[in-house]
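Structure record follows, encoded as structure tokens.
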Amino acid sequence: MELVRPELFDFHGVAMIKYFTDNWENIQNFQARPDDILIATYPKAGTTWVSNILDLLYFGHMSADRQKTIPIYNRVPFLESSLPTMDSGKELADKLQTSPRLIKTHLPVLFVPKSFWEQNCRIVYVARNAKDNVVSFFHFDRMNLLHPDPKDWSSFLQRFMEGKMVFGSWYDHVNGWWQKKQTYEKLHYMLFEDMIEDTGREIDKLCSFLGVSPSAEEKEKITGVVQFDEMKKNPMANYSTCAAMDFKISPFMRKGMVMVRNKHMQTLTETGLILFYYRQGKSGTGRTTSRWPRMKCLKKSIRRR
């Protein structure tokens with residue numbers, strides 16, 4: 001089957017593609033259960049990482065084969081997806097026999113099916129700094145044949161700044177979910193950078209939020225299994241079994257680092273465009289610049305130019 005890259009279009013004020021809106025009525029009518037756990041992120045912000053952590057916390061001790069034989073996208077369905085290469089996310093979620101059901105979404109907070117709020121479900125949100133997020137998103141769009149053609153880096157960056165990305169503006173997304181956290185107590189808001197800094201500490205915070213109590217040995221094992229290099233070589237975690245992704249162009253998991261030093265980073269520093277997003281993101285989430293590293297250094301660098 002030939003895969004055709006879709007075009008972006010405006011969907012209720014958010015840039016989207018048909019593969020995430022064709023099944024819209026069914027998505028909005030999805031019936032969440034009280035023990036469902038929703039994993040929400042902007043694309044390329046650590047979704048698969050957290051999905052694997054939660055899957056191991058809940059089910060790692062139950063079946064040794066689960067993580068070795070079932071791809072993560074079947075264990076943690078992508079709710080709004082309606083891709084030609086696989087069952088829809090809603091269908092997969094409805095078929096889940098696990099309890100709790102782990103479900104992922106990239107939807108802006110205003111698009112989340114109301115049943116998740118009505119059932120008072122736990123939600124884990126992960127935010128990633130814009131500078132790393134845009135680079136990761138660029139390479140993802142290059143290799144994901146069911147996403148729009150990213151074209152060249154400069155135009156991609158400009159579209160990112162304008163919010164013309166699948167699932168819309170990075171700032172609107174991370175800020176919208178942060179604002180929801182202020183009124184919805186069952187929302188755990190994480191930073192990708194915190195997970196890089198100390199994965200074990202962040203797993204402890206997740207355990208506290210979720211009310212689970214793995215043994216010290218189990219936590220140590222989980223922390224080892226979800227290290228980036230381990231997941232990158234695991235076919236059940238790295239999406240190498242997904243036909244829509246061309247690993248000849250780029251791997252799904254590239255570097256998993258903070259502030260990667262490469263040509264893209266230099267371009268961002270030279271233009272200073274990303275400062276606008278950082279300022280908004282910082283004020284929107286209430287986080288200090290130290291939580292999204294080297295922001296002060298970046299500002300000083302640009303002022304010198």
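The UniProt record's numbering puts the sequence shown at residues 1 to 305.
For every residue, glycine included, the Cβ atom is placed at its ideal position computed from N, Cα and C.
Quantities reported herein were computed from a predicted structural model and do not represent experimental measurements.
What residues match up with residue i in a beta bridge as DSSP calls it?
i: Arg-122; result: Ile-37
i: Lys-127; result: The sequence given here places Ala at residue 127; Lys does not occur at that position. BP columns for Ala-127 point to Leu-191.
i: Ile-103; result: Leu-38
i: Asp-55; result: Partner(s): none; Asp-55 has no beta bridge.
i: Ala-15; result: Asp-10
Label residue i either buried or exposed according to how many other C-beta atoms from any shown protein chain fall within 10 Å of its C-beta, with 16 as the threshold for buried.
i: Phe-9; result: exposed
i: Ser-88; result: buried
i: His-12; result: exposed
i: Ala-216; result: exposed
i: Val-174; result: buried
i: His-147; result: buried
i: Ser-51; result: buried
i: Ser-154; result: exposed
i: Arg-75; result: buried
i: Arg-128; result: buried
Skipping 5 residues on each side, what residues in its chain have a beta carbon closer than 8 Å to that of residue i?
i: Leu-57; result: Ile-203, Leu-206, Cys-207, Leu-210, Val-212, Pro-214 and Ile-222
i: Tyr-184; result: Trp-117 and Ile-123
Leaving out five residues on either side along the sequence, give the residues of the same chain with a beta carbon under 6 Å from the beta carbon of residue i.
i: Thr-47; result: Thr-41 and Lys-104
i: Trp-177; result: Val-109 and Tyr-125
i: Pro-251; result: In this prediction, Pro-251 has a pLDDT of 48, which is less than 50 and means its spatial position is unreliable; nothing more can be read from the coordinates.
For residue i, which residues in the same chain have their Cβ closer than 7 Å to its Cβ, ignoring the five residues on either side in sequence?
i: Phe-156; result: Phe-138 and Pro-150
i: Ala-15; result: Leu-8, Gly-163, Lys-164, Met-165, Val-166 and Gly-168
i: Arg-33; result: Arg-101 and Gln-119
From this set, the options, which residue's C-alpha is nearest residue i's C-alpha?
i: Arg-122; options: Pro-100, Leu-107, Phe-111 and Val-134; result: Pro-100
i: Ile-39; options: Thr-199, Phe-116 and Asp-132; result: Phe-116
i: Lys-186; options: Asp-36, Thr-85 and Pro-71; result: Asp-36
i: Gly-200; options: Gln-179, Leu-92 and Val-226; result: Val-226
i: Leu-92; options: Glu-218, Asp-198, Ile-27 and Leu-191; result: Ile-27
i: Phe-111; options: Gly-224, Trp-24, Lys-18 and Glu-220; result: Trp-24
> Unbroken alpha helix (DSSP H) runs of length 4 or more, entirely within the region 62-88: which are they?
Replying inline: 66-69 and 72-75
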